[in-house]
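**Q**
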Amino acid sequence: MKTTIVGMHGKIFSGEESELSILHRLEKTGLDILVGNQSHKSDALSYFMKYLTGVDQHASKSYFETNTDYIQYEITGELRCNSTVTVEDYNDLSQQLNSDIKAALPGPYSLAKLSKDNFYDNIHKRTEAFARCLNTEMRALQQAGCLRIAINEPALVQIDYREDNSAFFDTLPLLLSGINIETALYTYFGVIGGIHEKIYSSPFNIIGLDFVINERNWDFLMEFPEDKTLSFGIVDALNPELESEEDLTDAIEMVAEMIPSERVIINPQCEIGFIPMEVSLSKIEQMVRKVNDFNS
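The numbering used here numbers the first residue of the sequence shown as 2 and each following residue consecutively.
(1) Kindly indicate the opening and closing residues of the beta strand (DSSP E) around VAL56.
(2) Can you tell me where the beta strand (DSSP E) with SER232 in it begins and where it stops?
(3) Note down, in chain order, each residue of its chain lying with its Cβ closer than 7 Å to the Cβ of LEU298, except the 5 sequence neighbours on either side.
(4) Going by the DSSP bridge assignment, what does GLY37 pair with across the sheet?
(5) Using the beta-carbon count (16 or more within 10 Å), is PRO155 buried or exposed?
(6) Count the other CB atoms within 10 Å of the CB of GLN39; is the residue buried (16 or more) or exposed (fewer)?
(7) Grab me the residues of ARG163's own chain with a C-beta within less than 8 Å of its C-beta, minus the 5 sequence neighbours each way, in chain order.
(8) Please state whether DSSP places ALA185 in a helix, a strand or coil.
(9) Assuming contact is defined by CB atoms lying nearer than 7 Å, are TYR74 and HIS59 in contact in what I supplied?
(10) Taking all protein chains shown into account, do 16 or more other C-beta atoms lie within 10 angstroms of the C-beta of ASN136, making it buried, or fewer, making it exposed?
(11) So, does the stretch 104-121 touch the stretch 42-56, judging by three or more C-beta pairs under 8 Å?
(12) Taking the DSSP output, what are the residues bridged to LEU210?
(13) Is the beta carbon of ASN268 sitting closer than 7 Å to the one on SER297?
(14) First and last residue of the beta strand (DSSP E) that includes PRO107?
(15) Starting from ASN123, follow its DSSP beta bridges and name the residues at the other end.
(16) Quick test of your reading: SER203 and PHE170, contact by CB under 8 Å. State the CB separation rounded to the nearest angstrom.
(17) From ILE34 to GLN97, what does the alpha carbon distance come to, in whole angstroms?
(18) Skipping 5 residues on each side, what residues in its chain have a beta carbon closer than 6 Å to that of THR5?
(19) What distance in whole Å lies between the Cβ atoms of GLU246 and LYS291, which are believed to be in contact at a cut-off of 8 Å?
(20) Using the DSSP secondary-structure output, state which residues sit across from VAL265 in a beta bridge.
(21) On the DSSP letters alone, give me the boundaries of the alpha helix (DSSP H) that ASP251 sits inside.
(22) In three-state terms, what does DSSP make of ASP118?
(23) What span of residues does the beta strand (DSSP E) with TYR162 cover, start to end?
(24) Of all the options ASN123, VAL213, GLU198, which has the alpha carbon lying nearest to the alpha carbon of TYR189?
(25) Between the beta-carbon of ARG31 and the beta-carbon of GLY55, is there less than 7 Å?
(26) So who's on the other strand from ASP70, going by DSSP bridges?
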């Protein structure tokens, strides 16, 4: 059983401490896999969007049910990715961190649903355009030597967005075209009921689910595919209160009874950075310690 984080919101880098110093502190917690392409001070959505052509900054919007805003961009023309966005970060950090690292990118469906569209006027075309841009970035990361890429798709499990989520699954061949490394799909802030079969049959090697916001995701573990790894989001990244050690131990042991431990990764349910850095570190340290106890 291993440990990781889903991603890092830019708020985690908003203080005086350097980005690299914070990443070294995360590394010292004992995490098995770090995120190595997000050393920026903005949210992941707007950080990716600002490198695209065909968009303009529009407004500050609430990011789901968090206490944080994101910068919404307005699509004004054809989306194009004329340069890589996170490869430079990945190259720099892969040389300065000793841990295994992965790249994390916002998913095409979340980008499409959280943008203001004045060009495509069609969720399928809009998601496809983002998937094409993301594929360019993923290919560049793969070329740079990245061995793991995670796609973060919280919009996929939002009840208000369910009627359009076929746009995500339809664009997967384009999103993953030419990608031969390990890929992960992370969903959070919602339950996978109704689309769990599509998620489980998708080409991703790792499926990340949120067991904090909605415990109903436990109901779908009996059907979890034997050829995939579960990234088990059991630490609350939105609440500063430290988890009960007993509850955390019980959850780890319970999931290991359902899925072999070698196919389980333990992590916070979403990106870290929504609560103070010191609190996030304490939660991660406890999480790593409990997984180490289980492994021993």
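Note that CB positions come from ideal geometry on N, CA and C, so glycine has one too. This one's a predicted model, so the numbers in the text were calculated from it and none came from an experiment.
**A** With the given structure in hand:
(1) In the DSSP assignment, VAL56 falls within the beta strand (DSSP E) that extends over 53-63.
(2) For SER232, the enclosing beta strand (DSSP E) has its first and last residue at 230-236.
(3) This structure cannot settle anything about residue 298, because the visible part of the chain is limited to 2 through 297.
(4) Looking at the DSSP assignment, GLY37 forms no beta bridge with any residue, so it has no partner.
(5) Per the 10 Å Cβ criterion, buried.
(6) So GLN39 ends up on the buried side.
(7) Apart from the 5 residues on each side of it in sequence, ARG163 sits with its Cβ closer than 8 Å to the Cβ of GLY195, ILE196 in its chain, given in chain order.
(8) In the three-state scheme derived from DSSP, where H, G and I count as helix and E and B as strand, ALA185 is classed as strand.
(9) Against a cut-off of 7 Å, the Cβ pair of HIS59 and TYR74 comes out as a contact.
(10) Counting Cβ neighbours within 10 Å, ASN136 comes out buried, since at least 16 surround it.
(11) As far as the Cβ criterion goes, the stretch 104-121 touches the stretch 42-56, which means the pair count is three or higher.
(12) DSSP lists PHE233 as partners of LEU210.
(13) Not in contact: ASN268 and SER297 (Cβ atoms no closer than 7 Å).
(14) Start and end: 101-107.
(15) Under DSSP, ASN123 forms no beta bridge with any residue.
(16) 7 Å between Cβ atoms; contact.
(17) Roughly 14 Å separates the two Cα atoms.
(18) Within the same chain, THR5 has close Cβ partners ILE34, ILE266, ASN268.
(19) With a Cβ gap of about 7 Å, LYS291 and GLU246 count as contacting.
(20) Answer is LEU231, bridged to VAL265.
(21) First-last of the alpha helix (DSSP H) with ASP251: 246-259.
(22) In this structure, ASP118 counts as strand in the three-state DSSP scheme.
(23) Where TYR162 is concerned, there is no enclosing beta strand (DSSP E), given that its DSSP letter is neither H nor E.
(24) Checking every option, the nearest Cα to that of TYR189 belongs to VAL213.
(25) A small correction: the amino acid at residue 31 is Gly; Arg does not occupy that position in the sequence shown. Not in contact: GLY31 and GLY55 (Cβ atoms no closer than 7 Å).
(26) Answer is SER63.
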